[in-house]
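Going by UniProt numbering, 144 is the number at position 144 of the sequence shown; the sequence numbering is gapless.
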Amino acid sequence: MNDPTTNEPAPAGGYVGVAPFQSDGALHGFVISGRWPNSTKEWAQLLALAVRVASVPGLLATTTVFGAREDLPEDPQPDMVGLVVAEGPVLGERAVAPGRFARRLPPALLMLHPPSETRPSLPECVGAASGCVLLPGVPHLGLEHRAAWVEAESDGTVTSMVSRVGVDPIADPDTAVLAMLLAA
1 MNDPTTNEPA PAGGYVGVAP FQSDGALHGF VISGRWPNST KEWAQLLALA
51 VRVASVPGLL ATTTVFGARE DLPEDPQPDM VGLVVAEGPV LGERAVAPGR
101 FARRLPPALL MLHPPSETRP SLPECVGAAS GCVLLPGVPH LGLEHRAAWV
151 EAESDGTVTS MVSRVGVDPI ADPDTAVLAM LLAA
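What follows is the structure, given as structure tokens:
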């Protein structure tokens with residue numbers, strides 16, 4: 001099977017397809033097809049695409065949490081494996097409540113910051129969006145937390161990308177917020 005985005009042979013295990021979707025003119029999530037990302041690197045690549053989408057002016061109004069869901073809609077598209085859906089803003093009246101994901105641990109949580117709420121890493125990157133993905137581990141079983149951070153400009157240029165294994169979620173503001181949403 002060929003990767004539909006490049007028409008080149010898909011890597012072993014198939015491709016990870018990502019398509020953004022919106023509701024009422026705002027970014028509402030991403031459809032995941034083919035297969036889920038299976039490494040920190042692949043989640044970082046998915047985050048890079050998500051941040052590039054979030055950098056489009058007006059598409060994301062405020063910092064928003066997105067959760068990976070393996071549930072499929074009633075009539076899924078062929079090859080669809082799940083969704084990454086906007087769960088709500090970080091602050092405000094509709095903010096995602098701490099412990100929201102404690103009962104059902106998602107495979108990944110993302111936080112996307114629109115350009116208006118991103119302090120760019122370089123002065124010439126004004127208008128960049130940013131984001132973080134937390135891949136929760138089970139430390140007492142030896143499975144470490146993993147995370148990645150990305151910054152991208154509205155023209156699609158990725159200006160910063162970092163990924164780590166063995167993350168202490170409290171050491172970074174984004175991972176701390178995401179970890180709080182996972183805690184009971």
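Glycine included, every Cβ here is placed at the ideal spot set by N, Cα and C.
Which residue from the options puts its Cα closest to that of residue i?
i, options, result
"Q93", "L27, D75, T64 and A176", "Position check: residue 93 holds Glu in this sequence, whereas Gln was assumed. Residue T64 is the option with its Cα nearest to E93."
"D168", "A147, T157 and D155", "A147"
"E153", "C125, T40, L134 and E87", "C125"
"C132", "D71, R104, K41 and R100", "K41"
"H113", "A128, P106 and R100", "A128"
"R35", "S55, P106, V18 and L122", "V18"
"L72", "A61, L60, V85 and T62", "V85"
On the criterion of 16 or more Cβ atoms from any shown chain inside 10 Å, does residue i qualify as buried, or is it exposed?
i, result
"L109", "buried"
"V162", "exposed"
"Q77", "exposed"
"A171", "exposed"
"V165", "exposed"
"T6", "Bear in mind that the predicted position of T6 carries a pLDDT of just 44, short of 50, making it unreliable; the figure below should be weighed with that in mind. Looking at its Cβ environment, which holds fewer than 16 other Cβ atoms inside 10 Å, T6 is exposed."
"R119", "exposed"
"R104", "exposed"
"S55", "buried"
"P9", "With a pLDDT of 47 at P9, under the threshold of 50, the predicted position of this residue should be treated as unreliable, though the coordinate-derived value follows. Flag for P9 reads exposed."
"E87", "buried"
From the DSSP output, in three-state form, read off residue i for me.
i, result
"P9", "Model confidence at P9 stands at a pLDDT of 47, short of 50, so the residue's coordinates are unreliable; what they give is reported in the following sentence. P9 falls in the strand class under three-state DSSP."
"R100", "coil"
"Q77", "coil"
"T64", "strand"
"P173", "helix"
"R35", "coil"
So residue i and residue j are in contact, right, with Cβ under 8 Å, and what is the actual spacing, rounded?
i, j, result
"I32", "G82", "5 Å"
"S130", "V158", "In fact, because the Cβ distance is near 11 Å, the residues do not count as touching under 8 Å."
"M111", "L60", "No, M111 and L60 are not in contact; Cβ-Cβ is about 11 Å, not under 8 Å."
### Task
Output the residue ranges of the alpha helix (DSSP H) runs that lie fully inside the stretch 84-159 and measure 4 residues or longer, sorted by chain position.
none
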